[in-house]
Amino acid sequence: MEIIIIGIGATIVFDLWLVLLKRMGVKTMNMAFIGRWAGHLAQGRFAHDSIAASPAVSGEHALGWLVHYATGVAFAGALVAVAGQGWLHAPSIGPALAVGMATVGAPLFVMQPSMGLGVASSKTPTPLKNCLRSLANHTVFGLGLYLSALLIKGISQ
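Position 147, counted from 1, in the sequence shown is what the working numbering calls 195; the numbers after and before it change by one each time, with no gaps.
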């Protein structure tokens, strides 16, 4: 249960960061496109030339949010698998940030290529900028892993 709460909490921190970026005029991810990709994946289609041009999937926006949060929980599980169960009782920022930063591999090497953006945004006008933004976002996710674990620890004492 702790892993689920940490994953949800970290994803909320991530999403709050995206809200801040959006208010500053920075383009952020479209949850409907994540849902569209997941919906097509369930039908056997992994890669798209352009996810925006692919046919919409019923409920894609809600599905995108579900996949987003489920991924956050899975990444929290990866943190505990790497750092060990003891990390839950004595959370430290290093492993959380390291795992958060490592999760940037998912968008750079899975999501972006499968959505038609190329490996590490190589088919976009600003690949380096997009990669650095993804790294910053996932570092914030790592911070969220740590903060969520601290919150759970504080509540349970």
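Beta carbons are placed, not taken as given, at the ideal position from N, Cα and C, and that holds for glycine.
Here the structure is a predicted model, which is why all the values come from computation and not from measurement.
Closer than 8 Å to chain C by CB, Ala86 = Among the protein chains of the structure shown there is no chain C, as only one such chain exists.
Less than 8 Å between the CB atoms is what I'm expecting for Asn185 and Phe62, so what's the real figure, rounded?
-> 7 Å
Between the segment 188 to 198 and the segment 98 to 117, are three or more C-beta pairs nearer than 8 Å?
-> no
Taking one C-beta from the segment 53 to 70 and one from the segment 121 to 135 each time, how about it: are there three or more such pairs within less than 8 Å?
-> yes
Output yes or no for whether 8 Å exceeds the beta carbon distance between Ala131 and Pro143.
-> yes
Could you give the distance in angstroms between the alpha-carbon of Arg140 and the alpha-carbon of Ile200?
-> Sequence check: residue 140 is Ser here, not Arg. Their backbone Cα atoms lie some 13 Å apart in a straight line.
Measuring CA to CA, which of Phe81, Ala80, Leu156 and Trp65 is closest to Val74?
-> Trp65
Asn78, DSSP secondary structure in three states | coil
Would you report the Cα separation of Ile51 and Trp135, rounded to the nearest angstrom?
-> 11 Å
Is the Cβ-Cβ distance between Ala168 and Gln160 less than 8 Å?
-> yes
Which runs of the alpha helix (DSSP H), 4 residues or longer, sit entirely within the segment 96 to 122?
-> none
If you draw a straight line from the alpha carbon of Asp97 to that of Ile203, how long is it in whole angstroms?
-> 47 Å
Pick from Leu195, Ala118 and Gly164 that is closest to Ala95, judged by C-alpha positions = Gly164
How big is the Cα-Cα spacing for Met49 and Leu198?
-> 15 Å
Whose C-alpha, out of Met79, Thr172, Thr187 and Ser102, is nearest the C-alpha of Val147?
-> Thr187
Assign Leu64 to one of three DSSP states: helix, strand, or coil.
-> helix
Assign Met72 to one of two classes, buried (16 or more other C-beta atoms within 10 Å of its C-beta) or exposed (fewer than that).
-> exposed
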